[in-house]
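Peer 1:
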Amino acid sequence: MALANAVQGALRPSPLITWLDDTGAPVNLTGATITARIRNGRGESRAATGLFTVTDAAAGVFRWDLSAEDVEEAGVFHVQFTASYGSAPTPARTVVERWKVYDSIE
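No gaps in the numbering here: position 30 of the sequence shown is 34 in the numbering used here, and each next residue is one more.
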């Protein structure tokens with residue numbers, strides 16, 4: 005999984021993300037609810053408030069519709085995604101990815 009860079013304040017395009025395991029195989033997201041936390045370079049973290057939508061569960065693909073809060077600050081971040089599966093036997097899974105948000109040119 006690699007996150008596309010973003011621009012401060014830009015809500016589009018919505019990143020399409022493929023969640024892969026350590027072997028490079030897609031993580032099955034059937035029945036999963038995706039959430040995320042964003043940590044900045046100062047060690048402060050916050051919940052991502054954009055909408056996460058699983059678009060191809062078997063292939064591990066989901067979309068992140070960014071919120072204004074998600075891209076309000078430029079910098080280098082770490083985003084921790086969590087997939088929770090409710091009552092299914094599969095436990096929640098997490099992965100952390102590096103993410104860069106560039107300064108907006110105004």
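For every residue, glycine included, the Cβ atom is placed at its ideal position computed from N, Cα and C. Bear in mind that the values here come from a model prediction, so they are computed numbers and not experimental data.
Any idea which residues DSSP pairs tryptophan 68 with across the strands?
Peer 2: In the DSSP output, where bridge partners are listed per residue, tryptophan 68 has Phe56.
Peer 1: Are alanine 63 and threonine 37 close, meaning C-beta to C-beta below 8 Å?
Peer 2: Their beta carbons are not under 8 Å apart, which means alanine 63 does not touch threonine 37 by this criterion.
Peer 1: Using a threshold of 8 Å, state whether the C-beta atoms of lysine 104 and asparagine 9 are closer than that.
Peer 2: Yes. Within cutoff.
Peer 1: Does any residue of chain C have a CB that is nearer than 8 Å to the CB of valine 105?
Peer 2: Chain labels in this structure do not include chain C; a single protein chain is all it has.
Peer 1: Given this structure, state the Cα-to-Cα distance separating glycine 90 from threonine 98, to the nearest angstrom.
Peer 2: Rounded to whole angstroms, glycine 90 to threonine 98 spans 15 Å at the Cα level.
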